[in-house]
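**Q** Here you go, one structure.
Protein chains in written order, with this note's numbering: chain A, 1 to 359; chain B, 360 to 718; chain C, 719 to 1077.
Next comes the structure, spelled out in structure tokens:
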């Protein structure tokens, strides 16, 4: 799929060859393998750096592709797309990636077990994130009912404060996962002798080189994608929210997707959950706050107020993964349940009229 | 109580003898024993057909009385009553039937245990159903805030798509319960040597005859009931939602009620849960979609948008049964908690003004 | 800290010495030790009266300080403050007190275990309470959308009915905790030979004397506090809701706070949970209904309709404590999660404009 990278460059350099829609689709497809290479290079580096620092590296660069797309979109003032892609990454990892993983593993194994305490810790942190992301909307609805009481500035201060709390909480979660309770997470990966199958023994310099090249290309593709999104949307008849929640989220998380499903089919459901739920966590507690901080840096403050359907989608997804993973075992029906809800939410976002997306 | 059947017929044939309100009450009462006979005949048939097909029969005809009332009410355009009776059946089975069962069993037994995985699977499917039934309301609230963005047609397409997802999910649930994980459900019923007490050895032809007669009479009574509901409501001062959520739901589920309580008092809490929660599931994932499909067939499309109190009631009930049954044991206090919430919701629907019921 | 009592009296008697804001702050601070003495005297008395009656005494007088503040504020017509302090006490005990306790215990002990059934019973009762307190708001939102359908009188009848249900449920909970399932709660306190550290062997008469004196002084301080709250609010720039939810709630629960943290650090997490969650329960199921009944007695009916942020805060807090305590074990990260959410809610209430607080 790396072939899409040069195709996208050609399409951009010679606009007469194609159109914006084609550029949008091709740069979307080009990001998929690049995000995979970034992820692998990050993990190889992490391997060399040892558990603690390596874990930290994974925890910060694991969703670098989403972060880059977000930064590019923010620079163009597309806050609606940025927020929708945050929502979409959270629910996509929980519902789509975990749904496929649990079904994939569940058709081979009657029940799949994993560490319950680790699963509950992640699920509770996700609950906290869902609460945090819902609060600005609660504020807006309440404050907007009273003329004079509400102002854009207060809403931004509230979002900034929440972003800080989320960021600090993420530091605590990392302390829990990498230091004080690391054995909850370590056990399973040592089971099979190796953590993940793709850890193939790259040298540090090779990892760094690939990471640098892949990151630069992802940045380039993201710029193409973001530049073409408005034109492509109107041609394809998709709303801003649908593009963010479904399209960009699926692309940005394609790498996690394939790894999580592979782990599940090898009956390593704990690792599968760790990748997918961990990615959702990272988006909510690290990528979202960093994007808020960045938006202040470039002087175009983004607040964290989401639309009602987005808030509902996140709460619903987080609650469901808690119910399903909280008992430390999964079966195929639970995967179907996650996928059904993803489908229902996808239908909702598809039918939602364009005007309804603004906060 | 079968005596109410001829009384209802007389009241209908000779309107000068009584009034609409009497007809409404009598046909309500007549449905109770008829639904019981339908249920028993279905189970007897299922017994003859063996686990797989028999389970399927129970899963489709188990709530035939509610289905018939719904079809009759839809034909008269009473979509408000139909939707309210869906809500009411879901919360009635979970809160009222399970509440009485758990208290009934709990006063005799200190703790009652049952298969946790089966209970959690049902509870999660109910959560999915609650989400699905809340989405059209989320859509409506969001879309209605933007003039021009929203249309009745989109709302109906959304509801139809959700109905299809629910229906397919129900097929998966049946596959889980009857095929891949049937032993989770089978164990307890084999404990006492017999599944349910009323399985009394009817022949296939006797079962079929009783099923046919009872079904015809339920259809007749439902028609009386639906025809008289408008007049009776205004005389009794009850709102459409209260009649649907409380009155019709209690009547339609009376048979489940007595069986579930009896099982609980024999310390077969797993069966009791299976009957009551299973009935809620069937209403949400089978009866509701089928009524939506039927409404399209007769050219009067019904959407699945419920009022805010109905959505809240379903979410609340589903969440509570998950909390209570998720640990695989119950005690009397948990029954009291379910009943308290049922009472609070009943009070809410009682005081809700008439105008507030429309979607 | 008892020195604040005479200071408050002096400030009140000689208004020229200070101002309303100082009086507000000093009487707040004076209540903290007095509430502690009331609590200790109640427990000493309970010790003498034996498990059953003693438990009942604790269950009714345990939050006497909050009750007195509430009665004083109701008499001055400050229903907004009263309701906010109910919300604040519930979330303060769950999020702040339990958060600090779990972190405090968690830094010393890797995992802390406690009786899961008892924890779940409390969490489910809290869920019920959260539902009950959300219903009047659901009613208001639904009914208010239809002109003519809604009236203040219906809203008060609804609240009164809910208060009665909560009160009766509380009686059932006491029956469960003190009679039918008392061993679930008793085990841990017998572990160390003594129930709580402060049980120091006061005589009945000493306990009664201290209880009477402390109660009278709390009543006096509450009157000062309530009298000065309006003036102090505008000077300090705090909204009514913030004062109720954060300031008064923290003061009224300071005694529970120190005891719960001490128990947690002695690895008696079950007792710690019992104190903090039990206090929330008592506020919701006993203090709130009693205040509603009292408001009728004095002819100024208070309804139980809370603002949207209050309803969200209670639901969120209750849900989180269920997730965290439902598995019968805690670790420090769970305490951080509770505190993060408390912080986020505190930020929300701080930024909420004044106009937005009315129901």
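All residues carry an ideal CB built from backbone N, CA and C; glycine is no exception.
All values derive from a computational prediction rather than experimental measurement.
Whose C-alpha, out of C:786, C:1064 and C:750, is nearest the C-alpha of residue 934 (chain C)?
**A** Nearest Cα to residue 934 (chain C) within the set C:786, C:1064 and C:750: C:786.
**Q** In chain order, what residues of the same chain lie with their CB nearer than 7 Å to the CB of residue 97 (chain A), ignoring the 5 residues before and after it?
**A** 253, 256, 257, 260 and 276
**Q** Would you report the Cα separation of residue 127 (chain A) and residue 737 (chain C), rounded to the nearest angstrom?
**A** 44 Å
**Q** Using only the alpha-carbon positions, how far apart do residue 805 (chain C) and residue 796 (chain C) sit?
**A** It is roughly 15 Å from the alpha-carbon of residue 805 (chain C) to the alpha-carbon of residue 796 (chain C).
**Q** Note down, in chain order, every chain C residue with its Cβ under 9 Å from the Cβ of residue 176 (chain A).
**A** 1049, 1050, 1051 and 1054
**Q** Please list, in chain order, all residues of the same chain as residue 981 (chain C) whose beta carbon is under 6 Å from its beta carbon, the five residues on each side excluded.
**A** 989 and 990
**Q** Could you tell me the alpha carbon to alpha carbon distance between residue 193 (chain A) and residue 827 (chain C), rounded to whole angstroms?
**A** Only weak support exists for where residue 193 (chain A) lies, its pLDDT of 40 falling under 50; the coordinates are left without a value.
**Q** Using the C-alpha atoms, what's the distance from residue 888 (chain C) back to residue 397 (chain B)?
**A** 40 Å
**Q** Residue 1040 (chain C) touches chain B at which residues, Cβ-Cβ below 7 Å?
**A** 682
**Q** Where residue 210 (chain A) and residue 297 (chain A) are concerned, what is the direct C-alpha to C-alpha distance, given to the nearest angstrom?
**A** Taken atom to atom, the span from the alpha-carbon of residue 210 (chain A) to that of residue 297 (chain A) is near 29 Å.
**Q** For residue 726 (chain C), go through chain B and note every residue whose CB falls closer than 9 Å to its CB, in chain order.
**A** Under the 9 Å cutoff, chain B gives no residues; its nearest Cβ is about 41 Å from residue 726 (chain C).
**Q** I want to see whether chain B comes within less than 8 Å of residue 351 (chain A), judged by CB atoms only; does it?
**A** yes
**Q** What is the DSSP secondary structure of residue 830 (chain C), counted as helix, strand or coil?
**A** Strand at residue 830 (chain C).
**Q** Hey, how far is the Cα of residue 678 (chain B) from the Cα of residue 721 (chain C)?
**A** Roughly 48 Å between the two C-alpha positions.
**Q** Tell me residue 329 (chain A)'s beta-bridge partners as DSSP assigns them.
**A** Partner(s): A:113.
**Q** What is the residue span of the alpha helix (DSSP H) that residue 279 (chain A) lies within?
**A** 269-282
**Q** Compile a chain-ordered list of the residues in the region 961-987 of chain C whose CB is closer than 7 Å to at least one CB of chain B.
**A** none
**Q** Please report the distance separating the alpha-carbon of residue 390 (chain B) from that of residue 610 (chain B).
**A** 7 Å
**Q** Can you pull the chain C neighbours of residue 293 (chain A), defined as C-beta to C-beta under 8 Å?
**A** Those within 8 Å of residue 293 (chain A) in chain C number zero; the least Cβ separation is about 17 Å.
**Q** Taking the runs of the beta strand (DSSP E) that are 3 residues or longer, which of them lie wholly in the region 76-104 of chain A?
**A** none
**Q** Roughly how many angstroms separate the alpha carbons of residue 765 (chain C) and residue 836 (chain C), rounded to a whole number?
**A** 22 Å
**Q** According to the neighbour-count rule (16 or more other Cβ atoms, all chains shown, within 10 Å of its Cβ), is residue 191 (chain A) buried or exposed?
**A** Here residue 191 (chain A) scores only 45 on pLDDT, less than 50, and its place in the model is too uncertain to base an answer on.
**Q** For residue 245 (chain A), which residues in the same chain have their Cβ closer than 6 Å to its Cβ, ignoring the five residues on either side in sequence?
**A** 84, 87, 88 and 349
**Q** Using a Cβ-Cβ distance under 8 Å, would residue 136 (chain A) count as near chain B?
**A** Chain B, which has no Cβ nearer than 8 Å to the Cβ of residue 136 (chain A), makes this no.
**Q** In chain A, what lies closer than 7 Å to residue 814 (chain C) by C-beta?
**A** Chain A residues near residue 814 (chain C): none, gap ~14 Å exceeds 7 Å.
**Q** Does DSSP put residue 625 (chain B) in a helix, a strand or coil?
**A** coil
**Q** Cβ of residue 1025 (chain C) less than 8 Å from any chain A Cβ?
**A** Yes, contact with chain A.
**Q** By Cβ distance, which residues of its chain are closer than 7 Å to residue 346 (chain A), with the 5 residues on each side in sequence left out?
**A** Scanning its chain for C-beta atoms nearer than 7 Å, with the 5 sequence neighbours on each side dropped, one finds around residue 346 (chain A) the residues 246, in chain order.
**Q** Looking at chain B, is there any beta carbon in it that lies within less than 8 Å of the beta carbon of residue 316 (chain A)?
**A** yes
**Q** Taking DSSP as the reference, what is the three-state secondary structure of residue 299 (chain A)?
**A** coil
**Q** Say whether chain C places a C-beta atom closer than 8 Å to the C-beta of residue 290 (chain A).
**A** Not one chain C Cβ lies under 8 Å of residue 290 (chain A).
**Q** Do you know how far the Cα of residue 449 (chain B) is from the Cα of residue 854 (chain C)?
**A** 22 Å
**Q** Step through the CB atoms of chain C and report whether any lies within less than 8 Å of the CB of residue 700 (chain B).
**A** yes
**Q** Just checking: is the beta-carbon of residue 1016 (chain C) within a distance shorter than 8 Å of some beta-carbon in chain B?
**A** no
**Q** Would you mind working out which of C:1043, C:1070, C:940 and C:938 sits nearest residue 830 (chain C), comparing C-alpha positions?
**A** C:1043
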